[in-house]
Amino acid sequence: MPKSTPRKRSPLFIFGPPVLLSILGFGLLIQSGILASPKLEMINEQNRISAAQGLVPPTLGLTDYIYPRLTIESANQPLVVVNKQRALDPIDFAPSSLVVMPSSKSLDNSRELVLASSAANALVLMAEQMHAEGYGQLFVNSAYRTYDYQVELFESKTRQYGLAGALVRSAKAGHSEHQTGLAVDVSVPAQGCAIMTCFGETAAGKWVASNSWQFGFIVRYEEETTAITGYSYEPWHLRFVGEALAAEYSENGIHTLEEFWSLPAAEFYPEEDAESKVD
Ligand SMILES: [Zn+2]
C-alpha cells in the first residue's frame with residue numbers, strides 16, 4: 000500500500016504564525032509602553048496648559064516619558080503634588096499668572112478670588128453645567144491663597160482648635176494646594192452645608208463628586224483617606240489636575256494623588272514624624 004505523500008507545508012504556514020506573533024507582540028509593547036501611555040497624554044496636556052498660560056513648557060527628554068513623575072515636583076507645574084510631606088519649592092511660591100473668575104448667574108465670585116487661568120476656566124465651565132442642570136449658583140469660598148495668608152490661617156485655626164485640630168483642618172504655609180492657584184473651595188449656598196462635610200450629602204455635593212472630573216477637577220480629600228492625605232473629609236475642596244489626569248483618576252477608582260503617583264502617605268509633617276520618634 001503506497002504511503003500517502005507527506006503534505007508539503009506552505010512557507011506561509013511555517014513562517015506565518017511566528018512572524019505574526021512577533022508583529023503582534025511588538026505592537027502590544029509599543030501600544031502599552033509608549034504610544035498609548037496616559038502619562039504621555041498628561042505631559043501633552045500639561046504643555047497645552049502651560050502654552051495657554053503663556054509659559055514656556057520645559058523641554059522634554061526621553062527620561063520625561065519614562066519618569067513622568069518629574070512633572071509633579073515643581074511648584075509651577077500644573078500637576079504638582081503638594082502635601083504634608085511635600086512642601087512647595089520655593090516654600091513661598093506664588094503663581095505667575097492668576098485671574099479673577101467672573102461672577103455670573105452660575106458662579107458667585109463676589110469675593111473676587113483668583114485662580115490659575117486653567118483652573119479658573121474649568122471652574123466657570125463646571126458652574127455653567129451645574130446651573131444648566133438645575134443645581135443653582137456655585138459660590139467660590141476660597142481659591143488662591145498667598146503664603147502669608149496661609150501662615151495667618153494656620154495660626155488662627157491653631158487658636159480655634161489647638162494644634163492637633165488645626166493640623167487636620169488647615170495646611171501649614173508652603174504645604175497648601177491653595178498656594179498653587181489650582182485648588183478651590185466651593186459651595187452652593189442655596190443647598191446649605193457650605194464648607195461642612197454634609198456638603199457631600201447635598202445634591203450639589205453629589206454632583207461635584209460624580210462630575211467634576213469631566214472639567215479636570217478631583218475631590219482631593221475624600222472620606223477615609225486621612226491616613227494618606229493627612230486631612231479629614233473635605234467634599235468642597237477641588238484640585239484642578241486637567242481633564243486627562245482627572246479622567247484617568249476617576250476611571251481607575253483612585254482616591255488620592257499619593258496613590259495615583261505611588262507616593263508615600265502624608266498623614267503627618269516630617270517634623271511630626273520626628274517628634275513621634277523622640278519619646
Ligand atoms: Zn480648600
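Per numbering that gives the first Met the number 0, the very first residue in the sequence shown carries number 0; after that it's consecutive. Positions of the beta carbon are idealized from the N, C-alpha and C atoms, including for glycine.
Checklist entry - Using the C-alpha atoms, what's the distance from Thr145 back to Glu154? => result 14 Å
Checklist entry - Considering only C-alpha positions, which residue in the set Tyr232, Phe216, Gln76, Gly215 is nearest to Glu223? => result Tyr232
Item to check | Nearest-angstrom Cα separation, counted from Asn43 out to Ala51 | outcome: 12 Å
Item to check | Ile217 versus Ala273 - alpha carbon distance | outcome: One C-alpha to the other measures close to 31 Å.
Checklist entry - Say the cut is 6 Å; is the CB of His174 nearer than that to a heavy atom of ligand 1? => result no
Next on the checklist: With three or more C-beta pairs closer than 8 Å as the rule, is the stretch 131-139 touching the stretch 154-168?
Outcome noted: no
Item to check | Check your reading: residues with Cβ closer than 5 Å to ligand 1 heavy atoms | outcome: Here the list is Asp184, His236.
Checklist entry - Going along the chain, which unbroken runs of the alpha helix (DSSP H) with 4 or more residues stay wholly within the stretch 126-192? => result Entirely contained in the stretch 126-192, the alpha helix (DSSP H) runs reaching 4 residues are, in chain order, 146-168.
Item to check | DSSP state of Glu200 mapped onto helix, strand, coil | outcome: helix
Checklist entry - What did DSSP end up calling Tyr248 once you bin it into helix, strand or coil? => result Tyr248 falls in the helix class under three-state DSSP.
Next on the checklist: Which residue wins for smallest C-alpha separation from Asn349, given the options Met100, Ala243, His254, Ser211?
Outcome noted: One cannot answer for residue 349 here, as it falls past the ends of the chain, which runs 0 to 278.
Checklist entry - If we count the other Cβ atoms within 10 Å of its Cβ and call it buried at 16 or more, is Asn108 buried or exposed? => result buried
Checklist entry - Between Ala243 and Gly215, what straight-line distance do the alpha-carbon atoms span, to the nearest angstrom? => result So the alpha carbons of these two residues sit roughly 7 Å apart.
Item to check | Three CB pairs or more closer than 8 Å across the stretch 168-183 and the stretch 112-128 | outcome: yes
Item to check | Rounded straight-line distance, which links the Cα of Tyr248 to that of Ser211 | outcome: Distance between the alpha carbons of Ser211 and Tyr248: 12 Å.
Checklist entry - With DSSP run on the structure shown, which of helix, strand or coil describes Phe280? => result The chain is shown from 0 up to 278; residue 280 falls before or after that span and cannot be answered.
Checklist entry - Residues in its own chain within less than 7 Å of Ala86 by CB, not counting five upstream and five downstream? => result Gly173, His174
Checklist entry - In the DSSP assignment, what residue or residues form a beta bridge with Asp107? => result Its beta-bridge partners are Phe138.
Checklist entry - Three-state secondary structure (DSSP) at Glu266? => result coil
Item to check | Three or more C-beta pairs below 8 Å linking the stretch 252-263 and the stretch 74-83 | outcome: yes
Checklist entry - First and last residue of the beta strand (DSSP E) that includes Leu256? => result Segment 256-259 is the alpha helix (DSSP H) holding Leu256; no beta strand (DSSP E) there.
Checklist entry - Across which residues does DSSP place Val99 in a beta bridge pair? => result Val113
Next on the checklist: Can you give me the C-alpha to C-alpha distance between Thr70 and Ile48, rounded to a whole angstrom?
Outcome noted: 13 Å
Checklist entry - Since Tyr220 sits in a beta bridge, which residues does DSSP pair it with? => result Glu233
Checklist entry - Looking only at its own chain, which residues have a Cβ that is under 6 Å from the Cβ of His130, when we skip the five neighbours before and after it? => result Ser105
Item to check | Beta-bridge partners of Phe92, as assigned by DSSP | outcome: Looking at the DSSP assignment, Phe92 forms no beta bridge with any residue, so it has no partner.
Next on the checklist: Phe239 and Ala93 - do their beta-carbons sit closer together than 7 Å?
Outcome noted: Between Ala93 and Phe239, the gap from beta carbon to beta carbon reaches 7 Å or more.
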